[in-house]
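In the numbering used here, the protein residues as written are 139 to 440.
The C-beta atom is built at its ideal place from N, Cα and C for all residues, glycine as well.
Structure record follows, encoded as structure tokens.
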């Protein structure tokens, strides 16, 4: 393992701390809920969903977090303004976890940010996301909302190398600061399974060394886009690969991981806890000590 020379920032979103040197804090795991095609969603436009099953999924996350020591956030996916409001209100009532406001459309993201302002949830909200091309009108609206945390995309379609991602990150951070963002969660951006996905994994180390901000990646699309796995292995095995994929990112320095559907939590939390225990054990000789009493290592080794 390694210790970064650049001082590593730790940000607190809601009650969840993220960042720091490898081993200091548990990896934050981000689960997607209300995504397109999820069984609990009855009507994505109206925001109708099975509340009982949704609450059971959230309660299971709470249990897994207590069991492993890994904190979590929720990636709340909205497909309409009405749905976004309902989803956010539900999540805020059932759990104290921070949540991402995730939508393809900037209009939907901004409507969610405005709603968060109206109901006073800015401290728990994470805008998802800001990139090097985010337009000024969007940045101005984010600033008006008072949301202080955001996912910063290191995506650079013109140059997918580590250097290209660093350049994109610099530009995206500049735009985020214009939007009043103070807590940066950098996403090294893996688009899908393919030969070029290695740069996103490698970039975790270099981006943390360069900027010192919490860095992670969305691994949810990696396994689902690997045709070879789908053809040759059953679903149960693919879920194990989900966990392994995330563990790889942890030993490369990731502070947080957006692992995809909340239904995969069992596989991801168990492997994440083991990986965090390995990382802390490996960094002990580098004079790195855990900053929390419920670090996964204390659960695993006791």
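Identify whether residue 220 lies in helix, strand or coil by the three-state DSSP scheme.
-> Residue state, collapsed to three classes: helix.
Sequence-distant residues of the same chain with beta carbon closer than 8 Å to residue 405, five excluded per side = The residues are 377, 378, 380, 381.
In the structure shown, what three-state DSSP assignment does residue 153 receive?
-> Here residue 153 sits in coil by DSSP.
Per DSSP, which residues does residue 268 bridge with? Please list them.
-> Bridge partners of residue 268: 290.
Through-space distance from residue 260 to residue 321, alpha-carbon basis = Residue 321 and residue 260: Cα-Cα distance of roughly 12 Å.
When DSSP builds the beta bridges, which residues end up paired with residue 169?
-> Answer is 212, 398.
Would you say residue 206 and residue 420 are within 7 Å of each other, going by their C-beta atoms?
-> No, the pair does not count as a contact, with Cβ atoms beyond the cut-off.
Closest by CA to residue 220, which one among 253, 424, 286, 343?
-> With distances taken between Cα atoms, residue 220 lies closest to 253.
With distances taken between CB atoms, is the gap from residue 218 to residue 255 smaller than 7 Å?
-> Cβ distance not < 7 Å, so residue 218 and residue 255 don't count as in contact.
Does the stretch 189–199 come within contact of the stretch 143–156, defined as at least 3 CB pairs closer than 8 Å?
-> Taking 8 Å as the limit for Cβ pairs, the verdict is that the stretch 143–156 does not touch the stretch 189–199.
Which of the three DSSP states, helix, strand or coil, is assigned to residue 390?
-> Residue 390: coil per DSSP, three-state reduction.
Using a threshold of 7 Å, state whether the C-beta atoms of residue 227 and residue 266 are closer than that.
-> Taking 7 Å as the Cβ cut-off, residue 227 and residue 266 do not qualify as a contacting pair.
Rounded separation between residue 269 and residue 350 - CA only = The straight-line gap from Cα to Cα measures roughly 18 Å.
What did DSSP end up calling residue 320 once you bin it into helix, strand or coil?
-> Correct three-state label for residue 320: coil.
Would you please state the rounded distance, in angstroms, between the beta carbons of residue 310 and residue 323? I believe it to be under 8 Å.
-> The C-beta separation of residue 310 from residue 323 comes to about 11 Å, leaving the pair out of contact by the 8 Å criterion.
Say whether the stretch 169–182 touches the stretch 427–437, bearing in mind that this needs 3 or more beta-carbon pairs closer than 8 Å, one atom from each stretch.
-> Pairwise C-beta distances place the stretch 169–182 out of contact with the stretch 427–437, as fewer than three of them are shorter than 8 Å.
Can you name, in chain order, every residue of its own chain whose Cβ lies under 8 Å from the Cβ of residue 157, other than the five neighbours on each side?
-> Counting only Cβ-Cβ distances below 8 Å, and skipping sequence neighbours, we find 146, 147, 148, 149, 163, 351, 352, 393.
What is the residue span of the alpha helix (DSSP H) that residue 254 lies within?
-> Start and end: 244–257.
Using a threshold of 7 Å, state whether the C-beta atoms of residue 214 and residue 237 are closer than that.
-> It is a contact, given that the beta carbons lie within the stated cut-off.
DSSP state of residue 148 mapped onto helix, strand, coil = Strand at residue 148.
Identify the residues that DSSP records as bridge partners of residue 238: which are they?
-> According to DSSP, residue pairing for residue 238 in a beta bridge involves 213, 264.
Based on the DSSP secondary-structure assignment, which residues constitute the bridge partners of residue 179?
-> 187.
Through-space distance from residue 262 to residue 276, alpha-carbon basis | Rounded to the nearest angstrom, the two C-alpha atoms are 20 Å apart.
Presumed contact (8 Å Cβ cut-off) between residue 400 and residue 171, rounded CB distance = About 5 Å separates the two Cβ atoms, so the contact holds.
Check residue 161 in the structure and name its three-state DSSP category.
-> In the three-state reduction of the DSSP assignment, residue 161 falls in the coil class, being assigned neither a helical nor a strand state.
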